[in-house]
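Engineer: Quick one: this structure, given as structure tokens, is what I'll be asking you about.
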Amino acid sequence: GVGKNESTPDYFFKGDIGEIIMYKKVVNEAQRIIIDNYLSAKYNIPLADNNFYTHDDGNKIYDHHVAGIGKTTGTNIHSDSQGTGIVRINNPSSLPDNSFLFWGEDTKNPTYHFTTNNHNYSEQLASKWRVSKIGDIGHVAVSFDVSNMDLSGWNGCKELQLVVANNSNFTSPRVYSLTVAGNNAAASNVVFNDGDYFTIRYVHQIVWDGNRYFNGSRPDQAPNNDSDKCLKLLVKAGNKAVLIENAYVREIEVQAGAVLEVKDGVELSVQDKIVNNGTIDLLGEAQLIQEHVGISQNSGLGKLKIRQQGTTNLYNYNYWSAPVNTDGSWQIKFLEQNNGPIGFTPAHNADPTTNPIKISSRWLNTYNASETLSDGITGWIRINSSTLIPPGIGYSMKGSGSSISEEEYVFSGEANSGDYSYPVTAGNDFLIGNPYPSALSAEKFINENKNVIDGTLYFYEQFKENNTHVWREYQGGYATLNLLAGVAASAADSQLGTGGNQIKGAPTNNIAVGQGFFVNIKTNGTLKFTNKQRVFAKESNGGSIFYRENAVNNDSRTKFWLHFTDPTGRAREIALGYDDNASVGFDTGYDAIDYSDYPDKMLWYTPENLLVIQGLNRFSEEDEIPLSIKVTTPGTYTIRLDRTLNFPENTAIYLKDNQENNFYNLKTEDLSIVFEAGTFNNRYSIVYQRETLSLPTLEGNQSIYVKFDKNDDTVQLLGLDNLNSVQGVYIYAMDGKQVKSFKNIDSKVFNVSYLNDGVYILKLEMVSGATKNIRFVKY
């Protein structure tokens, strides 16, 4: 009545106008009810009729941005609403007469940031809404305008969620996935009950609260190995958190007083850093892998514990490398047993009678061939239990003397991770080791460092029967590993190979936790360890080796291993294999030079080096591979085939005596030979077929072979009487390329001065059409 037309008005508007709403169309009855409930909540003015939104109490809780959908009768309907807030609800599956759904926000001017909900450890929007529901409206679609929402903590790896609960703490909520497109996040088929609360959340951490896990993908909500790699693992104090299956997370934080126990054989993988102010305990063969690039970002005052076993022989060395550090380096005095830190004694022998044991400090050394001990032993640097040892540097320590077969040690400190590098000088040997609390891939380490090392890793192992500290009387040798194969160290012949009584074997591709090893530096440069070299491999199934376990070789390449056993029963192993990356020359990573000083040995002969492992390019039944045999002690020696891998079943492996023209099939028999002292190069070789060239012009048993004369750079055909029976002589490189041919033969001597040193094949073609391939070495 403000503008009523009267000549003498006697009334006027007595009040304040709080809000004016102008519509461009007629507002229906349902819309008027929604508007009335919006205004009632906003201005705290009670409604006498249709007071459907009931959460607008005097404390101004959930009074803000009230909106609704609903219907009275007929066409009096409003099914799509956003109001003044960021929430839009529409598309009800059912909207009968006199049904309404209202919602209101708890904050008037929200900033829309996320905070941690300590009831379920999700990141929850700081604003929430509450609904009033009248009648059954079925399910609806809910969407949010996220243009002003701080989603910087959400990395997208886990879905953004709409959560609906009957309490404001959102315990046991109903969860709906939100699909984010541009500035809109939407969920469908959402069901509300009267009085429900709803908000947005996301998960960015798995939490052990001292009693249970939250937010992980396993049934107990612990992390799994697949779905949780983008989440942080937070461990709080209380009962210890236990991982019984493999887990993969983004990062780890262990709070003060908290314990994370990783069960035997479990792999814990972490993409980034670890902040440890409590304890991470890796039991048995549990391992930790970190995948970040660059230097370690690990921090905290806590400890990671990991175990490894070593020899108990008082006279034998283990070669170690610590998988943890304290303030960036390792001191041997930090080494523990399960009952406390070990002690040290200056005596020659360790003392196993104390609890914990005492280790002799006389035998602690690092090794770098560029340095020399005061007593003149090149490379060995004597250290003490307090010497700072950087990650990746190996050191020696003798056994405990305990009556048990192996002594278990506990490394305790900050987990090593990331990049470690050391300058190296050509011509030097270097004792290094696996710096990580996980296995190390030899293949990846060699490939990443083959520009500075010769491609082979050497693991020194002493005989178990050693009973002296006198250096000259040590008995042992090097196990050898490269990209082609692993070869065991010297041992009793019955203890090598893959038999049931084996106690030692070849190193595997995966280097165990704490294992030290030697490399030979071929070029000045930088030796590198990186997280990319890390793998998970257990010693118990042959996956890795702290040099004492059975080796397992499992690939598709053709290989075989031979044993050369001396009169005392000591055997040395050599291996030969075929790889597309190998050639007849020396190949870094595929040929391994023998550095042992063992007095009696059989090796692969090449003009440049004697090899314990030799790699060739492609298998051919016409191959002939020369051997070198060195005998210091005359007597009966045995040559035997230990094992093959992917070798043709119907192809023999012969030991050929080139002097006697005898062939011995090592697949069917072990060969015993009485040797006098001496070195025999090229007399013996390995071939895959018997050389029988039966021609009418030759005696049936006549042997034809080739001899290289270094003095005049010629090769001579021996055992051939009639040159007129020869059609031609052809010389081929090992890649099959013909490099020379001779016709009209009038001499058994051929000049090969034009050839580089290496292995070649001389093909003899007879007039009768018969051919013979003879391998020779030019050096």
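Position 343 (the sequence shown) corresponds to 1577 in our numbering; numbering is contiguous. From the three backbone atoms N, C-alpha and C, an ideal C-beta is built for every residue, glycine too.
1. By Cβ distance, which residues of its chain are closer than 8 Å to Thr1309, with the 5 residues on each side in sequence left out?
2. Short of 7 Å in beta carbon distance, which residues of its chain neighbour Tyr1692, apart from the five on each side in sequence? Order them along the chain.
3. Glu1479: buried (16+ other C-beta within 10 angstroms of its C-beta) or exposed?
4. Taking buried to mean at least 16 other C-beta atoms within 10 Å of its own C-beta, is Glu1858 buried or exposed?
5. Taking its Cβ as the centre, do 16 or more other Cβ atoms sit within 10 Å of His1312, making it buried, or is it exposed?
6. Using CA coordinates, which residue listed in Glu1570, Leu1954 and Ala1673 is at the minimum distance from Lys1772?
7. Name the residue from Thr1513, Phe1664, Glu1525 and Val1488 whose alpha carbon lies nearest to the alpha carbon of Asp1506.
8. If you follow the alpha helix (DSSP H) that Asp1270 is part of, which residue opens it and which one closes it?
9. Starting from Asn1401, trace the alpha helix (DSSP H) both ways and give me its first and last residue.
10. In three-state terms, what does DSSP make of Phe1343?
11. Pull up the DSSP beta-bridge partners for Ile1591, would you.
12. Would DSSP call Gln1972 helix, strand or coil?
13. By Cβ distance below 6 Å, which residues in the same chain neighbour Leu1533 in space, the five residues on each side in sequence not counted?
14. Report yes if the CB atom of Ser1451 is closer than 7 Å to the CB atom of Asn1458, and no otherwise.
15. Should Arg2009 be labelled buried (16 or more other beta-carbon atoms within 10 Å of its own) or exposed?
16. With 16 as the cutoff for other CB atoms within 10 Å, does Gly1661 come out buried or exposed?
17. Name, in chain order, the residues that DSSP records as bridge partners for Pro1657.
18. Exposed or buried, Gly2003, counting other C-beta atoms within 10 Å across all chains shown (16 or more means buried)?
19. Under a three-way DSSP split, which group does Ala1492 fall into?
20. Could you say which of Phe1909, Thr1433 and Asn1701 lies nearest to Asn1400 if we only look at CA atoms?
21. Which value, in whole angstroms, describes the spacing of the CA atoms of Ser1328 and Ile1255?
22. According to DSSP, is Leu1569 part of a helix, a strand, or is it coil?
23. Fully enclosed by the region 1358 to 1391, which beta strand (DSSP E) runs are 3 residues long or longer?
24. Report back the beta-carbon spacing between Glu1252 and Asp1297 to the nearest angstrom; my notes put them in contact at under 8 Å.
25. Look at the alpha carbon of Ile1295 and the alpha carbon of Leu1273, and state the distance between them as a whole number of angstroms.
26. If you check the beta carbons only, do Asp1688 and His1797 fall under 7 Å apart?
27. When the Cα of Val1321 is compared with those of Ala1421, Leu1494 and Thr1802, which residue comes out closest?
28. Which partner residues of Phe1770 appear in the DSSP bridge assignment?
29. By the three-class DSSP mapping on this structure, what secondary structure does Ala1475 have?
30. Taking Cβ positions, are Gly1536 and Leu1718 nearer each other than 7 Å?
31. Is DSSP giving Gly1626 helix, strand or coil here?
32. Would you please state the rounded distance, in angstroms, between the beta carbons of Gly1577 and Lys1592? I believe it to be under 8 Å.
33. Pick from Val1437, Trp1442 and Lys1466: whose alpha carbon is nearest that of Val1476?
34. Could you compute how far the alpha carbon of Lys1901 sits from the alpha carbon of Thr1659?
35. In whole angstroms, give me the CA-to-CA distance for Leu1385 and Phe1348.
36. Can you give the Cα-Cα distance for Met1383 and Gln1358, rounded to whole angstroms?
Structural biologist: According to the structure data:
1. Asn1262
2. Tyr1712, Thr1714, Phe1751, Phe1752 and Tyr1829
3. exposed
4. buried
5. buried
6. Selected option, being the one with the closest Cα: Ala1673.
7. Glu1525
8. For Asp1270, the enclosing alpha helix (DSSP H) starts and ends at Glu1263 to Tyr1277.
9. Run containing Asn1401: none; DSSP gives neither H nor E here.
10. What sits at residue 1343 in the sequence shown is Asn, not Phe. Residue state, collapsed to three classes: coil.
11. Paired residue(s): none; Ile1591 is not in a bridge.
12. In this structure, Gln1972 counts as strand in the three-state DSSP scheme.
13. Residue 1533 is actually Ser in this sequence, not Leu. Hits under 6 Å: Val1509.
14. It is a contact, given that the beta carbons lie within the stated cut-off.
15. buried
16. exposed
17. Thr1760
18. exposed
19. coil
20. Thr1433
21. 29 Å
22. Note: Leu1569 maps to coil in three-state DSSP.
23. 1363 to 1368 and 1374 to 1379
24. According to the sequence as given, residue 1252 is Gly; it is not Glu. In fact, because the Cβ distance is near 14 Å, the residues do not count as touching under 8 Å.
25. 15 Å
26. No, the Cβ-Cβ distance between Asp1688 and His1797 is not below 7 Å.
27. Ala1421
28. Phe1770 has no beta-bridge partner at all, per DSSP.
29. strand
30. no
31. Here Gly1626 sits in coil by DSSP.
32. 4 Å
33. Trp1442
34. Looking at the two C-alpha atoms, the distance is approximately 44 Å.
35. 8 Å
36. 12 Å
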